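If you're matching them up, the sequences are chains A and B in order. Counting with the working numbering, you get residues 1 to 359 for the letters of the first sequence. Counting with the working numbering, you get residues 1001 to 1103 for the letters of the second sequence.
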Amino acid sequence: MSRNHRRAQCGIAPPDLLGRLAVEGDAQQREAAVRALATSAAIRSQRAVMGRLNRQLNLNLGQMIGFTVNPDRRLTIYDNQTNGRTFLPGVRVRDWGQPPVQDEAVNQAYDGSSATYEFYRDVFARNSLDGAGLELVSSVHYGVAFDNAFWDGAQMVYGDGSGRIFQVGGLTRSLDVIAHELTHGITELTAGLVYSKQSGALNESFSDVFGSLVKQYSLKQSAADADWLIGEGILVPALGKALRSMINPGTAYSGDRQPGHMDDYVDLPDNNDPRNDNGGVHINSGIPNHAFALAANALGGFAWEKVGKIWYTVLTTRLRPNSQFDEAAQATVDVAGTLFSATEQDAVHNAWKEVGVLS
Amino acid sequence: MKLTIRRGGGLAGMVAQTELDDRSLPKTDAEAFAGEVARANLHEQPEPAAAKPWPDAQLYEILLEAAGPPISVHYTDETLPESVRLLVAWVDGRPERVESIEQ
Ligand SMILES: [Zn+2]
């Protein structure tokens, strides 16, 4: 072993020790530990530790992993092997640039992440979630027959579906769902919309908006041709055709409670009760979703070119963690005027009027 | 003894309920069920959630009705302890469970 090699090895303290220092040490120790964690080669595969630090220290993900950009690894797929959170991310099964594997969920997560990466790069000149090439990490086969997919602050996580709510294999099949999850990462690193009540519904809506746009972009669909559905064909058929309809909120599945207008806003408490959905974040997102689809249809053409660009600019430069519907709406009207002309501004303003957010 | 698992939020925002009553189980399975419930330590407080909740994490309410006052505990995908996750998976695997989607 060469001298340099040995020194490099000694320089890497076990992530858990650094993690403890980062949590329990004084300010200087914490900063040094976080920096060491973030720059250590070992940590690049230790997203579970990163996620934990992110939660415990409430650090900005970009601050922590801005150091770990590796241009050779745009995205990586892991297999959680039906374990749960304690085994995240799991076993690495497909690296960036590697050919498809036998496991369809792995390839779907790979292709969907790749398409989402390319959308943000080609349409908005954004290099990954943080704008600096952050590696996109996904874990598939999370838990046993797990009926959900989520963003854990550091990576995407996909269950297999139980066949009772989601079709088995459905959660990785839908490009807009993958783009929805990845957009949660962008929101966290930009506006930071708090996941509760109206700001949470905006957070959800931006994920649906860009989820749908990534799908439309991949199909080269105009606003008129788009189905404006999120997760089309991934629920068991008895439940319905999709998770959400942006153009007709409340019609995607039987029991869909989404409103399309402020008159029907569902005011729920944010109190950990599963029935209240963090204050209705997946329910009231129907209102801003509807405004986006209306504006896109009014302007016609490819929705990502104008309305998408307006929404993207607002998300990444105008909103704050506690922004509410009216503030987001006004910001889109202002940005429409800055980026385009009165036609676009009127279309956006009218859409928000139609859903009762602006007058 | 009856266990009710209510799951909401999540990517879909749907609310689903799963119930299992030990009276519906064969005796040895009822004993196994009691063991799973005991291992889950539902009396224990879950670890505190992060300042920033995970977007699309599912929310869980687990209600245990047995002798004595009922116990109700809330978790998220982030805070669900491994022992409770295993209990949920065990119940999900029982053909005697009763499921409904709240609409
Ligand atoms: Zn979401």
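Think of the CB as a built atom: it goes at the ideal place given N, C-alpha and C, for glycine as much as any other residue. These numbers were taken from a predicted model, which means no experiment stands behind them.
Simplified DSSP assignment, three categories, for residue i
i, result
"A:T39", "Because the pLDDT at A:T39 is just 43, under 50, the model does not fix this residue reliably, and the value given afterwards should be weighed accordingly. DSSP places A:T39 in helix when its eight states are reduced to three."
"B:E1099", "strand"
"A:F166", "strand"
"B:M973", "Within the shown structure, residues of chain B are numbered from 1001 to 1103, placing residue 973 of chain B beyond reach of any answer."
"B:L1020", "strand"
"A:V106", "helix"
"A:E354", "helix"
"A:G279", "helix"
"A:M262", "helix"
"A:G300", "coil"
"B:T1004", "strand"
"A:V236", "coil"
"A:V123", "helix"
"A:R151", "Strictly speaking, residue 151 of chain A in this sequence is Trp, with Arg absent from that position. In the structure shown, A:W151 sits in a strand (DSSP, three-state: E or B)."
"A:D346", "helix"
"A:L88", "coil"
"A:R257", "coil"
"A:L171", "helix"
"B:G1009", "strand"
"A:S245", "strand"
"A:H141", "strand"
"A:L319", "coil"
"A:L294", "helix"
Contacts around residue i, its chain only, beta-carbon distance under 8 Å, and the 5 residues preceding and following it disregarded
i, result
"B:S1083", "R1039, A1040, N1041"
"A:L299", "A223, K306, V307, T343, E344, A347"
"A:Q330", "L358"
"A:D263", "G356"
"B:S1024", "E1096"
"A:D326", "V357, L358"
Unbroken alpha helix (DSSP H) run spanning residue i, endpoints
i, result
"A:I186", "175-189"
"A:Y253", "Looking at the DSSP string, A:Y253 is not in any alpha helix (DSSP H), and its letter there is neither H nor E."
"B:R1085", "1082-1092"
"A:F197", "It is Lys, not Phe, that sits at residue 197 of chain A in the sequence shown. Taken as a continuous stretch (DSSP letters only), the alpha helix (DSSP H) holding A:K197 covers 197-219."
"A:V93", "No alpha helix (DSSP H) holds A:V93; the beta strand (DSSP E) holding it covers 91-95."
"A:E135", "Unbroken run through A:E135: none, as it is neither H nor E."
"A:I310", "307-313"
"B:A1032", "1027-1040"
Closer than 7 Å at the beta carbon, the chain B residues around residue i
i, result
"A:R164", "E1099"
"A:W403", "Past the boundaries of the shown model lies residue 403 of chain A; chain A is included only from 1 to 359, so the question cannot be answered."
"A:N203", "P1055"
"A:H261", "Chain B residues near A:H261: none, gap ~18 Å exceeds 7 Å."
Cβ neighbours of residue i in the same chain (closer than 6 Å, five flanking residues each side left out)
i, result
"A:W304", "V123, L213, Y217"
"A:V209", "F292, W311"
"B:H1074", "E1061"
"B:V1015", "G1008, E1102"
"A:L229", "A242, S245"
"B:E1036", "L1087, W1090"
"A:A191", "L315, L319"
"A:G84", "G143"
"A:H290", "P249, G260, V355"
"A:Y110", "I77, R94"
"A:Q364", "In the structure as shown, chain A starts at 1 and stops at 359, and residue 364 of chain A therefore has no counterpart that could be examined."
Presumed contact (8 Å Cβ cut-off) between residue i and residue j, rounded CB distance
i, j, result
"A:V333", "A:R318", "Not confirmed; about 11 Å, so no contact."
"A:L189", "A:D130", "5 Å"
"A:G185", "A:L193", "Actually they do not touch by this definition, with Cβ atoms about 12 Å apart."
"B:L1003", "B:L1080", "Not confirmed; about 15 Å, so no contact."
"A:V281", "A:Y195", "6 Å"
Residue i - containing beta strand (DSSP E), residue span
i, result
"B:S1072", "1071-1076"
"A:E327", "Run containing A:E327: none in the beta strand (DSSP E); it sits in the alpha helix (DSSP H), 325-339."
"A:D79", "75-79"
"A:G159", "156-159"
"B:E1065", "1058-1065"
Same chain, Cβ closer than 7 Å to residue i, five either side skipped, listed in chain order
i, result
"A:T116", "I178, A179, L182, V214"
"A:R121", "N127"
"B:D1077", "W1054, A1057, Q1058"
7 Å Cβ cut-off: residues of chain A touching residue i
i, result
"B:G1008", "P274, R275, D277"
"B:E1082", "G84, T86"
"B:A1089", "V144"
Contact list for residue i against chain A, beta-carbon separation under 9 Å
i, result
"B:H1043", "Correct list: empty, because the minimum Cβ distance to chain A is about 17 Å."
"B:E1061", "N272, D273, P274, R275"
"B:R1094", "Result: empty, since nearest Cβ-Cβ is about 13 Å, beyond 9 Å."
Chain-ordered chain A contacts of residue i [CB-CB under 8 Å]
i, result
"B:L1003", "Those within 8 Å of B:L1003 in chain A number zero; the least Cβ separation is about 15 Å."
"B:E1102", "G255, R275"
"B:R1039", "Within chain A, no residue comes near B:R1039; the closest Cβ sits about 15 Å away, beyond 8 Å."
Contacts that residue i makes with chain B (C-beta to C-beta distance below 9 Å)
i, result
"A:N148", "R1007, G1009, G1010, L1011, A1012, D1056, A1057, Q1058, D1077"
"A:I283", "G1013"
"A:V177", "L1011"
"A:Y78", "Chain B residues near A:Y78: none, gap ~17 Å exceeds 9 Å."
Any non-hydrogen atom of ligand 3 closer than 7 Å to residue i Cβ
i, result
"A:E204", "As far as ligands go, the structure on display features ligand 1 and does not contain ligand 3."
Partner residues on chain B for residue i, Cβ-Cβ distance less than 8 Å
i, result
"A:L369", "Summary: the structure shown does not reach residue 369 of chain A, with chain A confined to residues 1 through 359, and so no result is reported for it."
(request) Please name the residues in the segment 1009-1032 of chain B whose beta-carbon is closer than 7 Å to at least one beta-carbon of chain E, in chain order. (result) Annotation note: the requested chain E is absent from the structure, which comprises protein chains A and B.
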